[in-house]
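*Asks:* Numbering (the working numbering), first residue to last: 5 to 564. Ideal placement from N, C-alpha and C gives every residue a C-beta, glycine not left out. Quick caveat: nothing in here was measured; it's all calculated off a predicted structure. Here's a structure for you.
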């Protein structure tokens with residue numbers, strides 16, 4: 005099967021899934037525009053703002069489409085081959101990932117736009133809510149570690165082709181320079197919007213082209229930022245701390261706006277490469293059942309390695325954190341919740357293709373972000389010519405780091421929110437303390453991890469992230485059961501993901517304990533994996549008890 009036919013078949017699957025299965029799921033929730041949403045009931049002009057579905061889709065998609073659906077498929081393809089990856093992305097995103105996002109968004113809207121932890125507390129009790137909050141915090145820490153580490157690898161990496169043909173050009177340094185200028189551009193845009201208040205069209209006309217310009221400018225400044233992997237990792241964490249406590253208008257909002265244009269540009273370039281590039285598949289469809297070491301066997305590690313490309317618990321945090329506060333009508337939930345996750349599945353397909361078209365011997369030593377950047381750059385040469393390959397590759401890698409910074413900003417801020425909520429420490433001092441507590445473990449990991457340790461972080465991130473999705477579906481299943489609604493479309497995906505992720509975490513705990521030599525990275529990884537397993541088992545136990553009480557009629561059902 006050719007690459008173009010494969011891609012078109014995948015698109016047909018996504019479109020059909022949206023209308024057929026997505027429409028069926030929507031009917032199970034009986035979406036009703038007559039029921040007022042929190043955005044309309046509160047409408048404070050700050051957090052609760054009724055938003056048109058097209059714009060809300062774009063904002064939500066930019067928030068969830070981070071490094072996960074890019075790095076995961078690339079790493080999994082190199083390990084097990086592209087066919088298992090494609091099958092899991094296709095089936096997982098349709099039957100599990102999109103259902104999870106749709107259900108999370110609906111549940112939050114029906115609960116006054118509250119968080120997943122609050123929904124868990126409402127459905128399963130106070131202790132369950134606290135356990136879910138603890139689980140979310142640990143999962144966020146591993147998102148920060150994995151994404152910071154893998155981005156640092158992008159800033160120090162390069163390709164032999166560019167190094168040989170362009171003397172003195174440092175590809176990793178070019179990406180770092182472009183990313184730094186991009187973030188500075190976002191801050192400048194935020195200040196101008198805040199104090200000069202120009203029209204949005206004028207800001208867009210100036211700053212969007214400037215975003216592409218800094219990618220080109222980065223190629224001219226590639227040797228100014230030649231730092232080592234560990235230094236970049238720590239600097240990225242420092243950036244996260246700053247981004248966590250400064251006003252959202254100064255960095256997060258303008259960066260998210262500009263990042264959306266980068267995201268859509270990367271998608272458009274990927275489509276052009278898929279349809280008109282004429283590339284051949286050079287990776288084997290299947291490699292092995294068991295890769296050994298930390299990577300492990302296809303079952304269960306394929307699923308947690310691909311992670312966000314098929315299913316992501318982090319999406320539930322976005323759905324219940326910001327998106328549910330902006331849904332204007334309930335019928336918009338299908339487009340935003342189910343549709344955006346299908347679009348992320350397409351992002352995962354493009355990422356998978358960037359590694360499928362490269363022979364294995366040309367991938368040695370390259371981080372997933374670099375592979376993706378090279379692939380997008382290769383596609384982009386169809387538009388700008390091969391003489392501009394360095395600019396194209398720099399833009400591709402900058403697009404990857406842009407997606408990462410979107411996630412890192414949100415995760416650090418959510419992590420410090422949780423610390424502040426648990427401790428009751430409000431105000432500026434509480435914000436700083438919550439940030440420092442959240443960043444402490446990532447700093448330890450980045451500072452003391454050995455070269456190549458990002459794979460260990462990535463697998464634990466994927467497992468914790470997907471287990472969070474399973475626990476979110478667990479809470480939603482309990483809520484639906486209490487409301488006397490059908491539950492099998494959330495129950496069976498929950499059971500599958502719960503089984504796979506608990507299996508993976510138990511194996512990771514054992515492997516890390518065996519590799520540990522005292523209080524080291526492996527020991528902390530093992531302790532984290534054990535803590536996640538214990539929290540998940542506790543939540544499962546509480547859910548079973550609640551359902552048994554519900555079945556005996558001792559609980560009063562709440563209408564979904």
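1. Can you grab the Cα-Cα spacing for the pair residue 522 / residue 192, in whole Å?
2. What does residue 294 pair with, by DSSP beta-bridge criteria?
3. Could you have a look at residue 326 and say whether DSSP puts it in helix, strand or coil?
4. For residue 180, which residues of its own chain have a beta-carbon under 6 Å away from its beta-carbon, when the five flanking residues on both sides are left out?
5. Report the three-state DSSP secondary structure of residue 331 (helix, strand or coil).
6. Quick one: what does DSSP say residue 41 is sitting in, helix, strand or coil?
7. If you measure between the beta carbons of residue 396 and residue 381, is that distance less than 9 Å?
8. Using CA atoms only, rank isn't needed, just tell me which of 400, 407 and 445 is closest to residue 419.
9. Would you mind stating whether residue 360 and residue 245 have Cβ atoms separated by less than 9 Å?
10. Report buried or exposed for residue 166, applying the criterion of at least 16 other Cβ atoms within 10 angstroms of its Cβ.
11. Could you say which of 120, 241, 520 and 222 lies nearest to residue 412 if we only look at CA atoms?
12. Does residue 166 come out as helix, strand or coil in the three-state DSSP assignment?
13. For residue 118, count the other beta carbons within 10 Å of its own beta carbon; 16 or more makes it buried, fewer makes it exposed. Which is it?
14. Please identify the residue among 58, 12, 77 and 63 whose C-alpha is closest to the C-alpha of residue 325.
15. Buried or exposed, going by whether 16 or more other CB atoms sit within 10 Å of the CB of residue 556?
16. If you count every other CB in all the chains shown that lies within 10 Å of the CB of residue 3, and 16 or more means buried, which is it?
17. Distance, Cα to Cα, residue 421 vs residue 148?
18. Pull up the CB-CB distance for residue 406 and residue 263, whole angstroms please, since I reckon it's below 8 Å.
19. Mind checking who residue 8 pairs with in its DSSP beta bridge?
20. Are residue 247 and residue 218 touching if we call contact CB-CB under 9 Å?
21. Output the boundary residues of the alpha helix (DSSP H) element that contains residue 516.
22. Under 9 Å, do residue 373 and residue 401 count as touching if we go by C-beta distance?
23. Please say whether residue 270 and residue 403 have beta carbons closer to each other than 9 Å?
24. Per DSSP, what are the beta-bridge partners of residue 55 in this structure?
25. Can you confirm whether the stretch 44-61 touches the stretch 270-288 when touching is taken to mean that 3 or more C-beta pairs between the two stretches lie within less than 8 Å?
26. Out of 66, 377, 454 and 288, which one is the CA nearest neighbour of residue 87?
27. Considering only residues of the same chain and omitting the five flanking positions on each side of residue 129, which have a CB-CB separation below 8 Å?
28. Confirm, please, whether the CB-CB distance from residue 518 to residue 32 is below 9 Å.
29. Kindly indicate which three-state DSSP category residue 284 falls into: helix, strand or coil?
30. If we ignore side chains and look at the alpha-carbon of each, how far apart do residue 194 and residue 323 end up?
31. Kindly list the residues whose CB is nearer than 7 Å to the CB of residue 21, restricted to its own chain and excluding five residues on each side of it in sequence; keep chain order.
32. If we call anything under 9 Å between Cβ atoms a contact, is residue 3 one with residue 305?
33. If we ignore side chains and look at the alpha-carbon of each, how far apart do residue 302 and residue 201 end up?
*Replies:* With the structure as the only source:
1. 47 Å
2. 301
3. coil
4. 159 and 229
5. strand
6. coil
7. yes
8. 445
9. no
10. Residue placement at residue 166 is flagged as unreliable, the pLDDT there being 43, under the threshold of 50; a coordinate-derived value is accordingly withheld.
11. 241
12. Because the pLDDT at residue 166 is just 43, under 50, the model does not fix this residue reliably, and the value given afterwards should be weighed accordingly. In the structure shown, residue 166 sits in a helix (DSSP, three-state: H, G or I).
13. buried
14. 63
15. exposed
16. There is no way to answer for residue 3, as the model of the chain reaches only from 5 to 564.
17. 15 Å
18. 5 Å
19. DSSP, once it has assigned bridges, lists no residue as partnering residue 8.
20. no
21. 492-519
22. yes
23. yes
24. 331
25. no
26. 288
27. 546 and 550
28. no
29. coil
30. 25 Å
31. 98 and 346
32. What the structure shows of the chain is the stretch from 5 to 564, and residue 3 is not part of that stretch, so it cannot be assessed.
33. 53 Å
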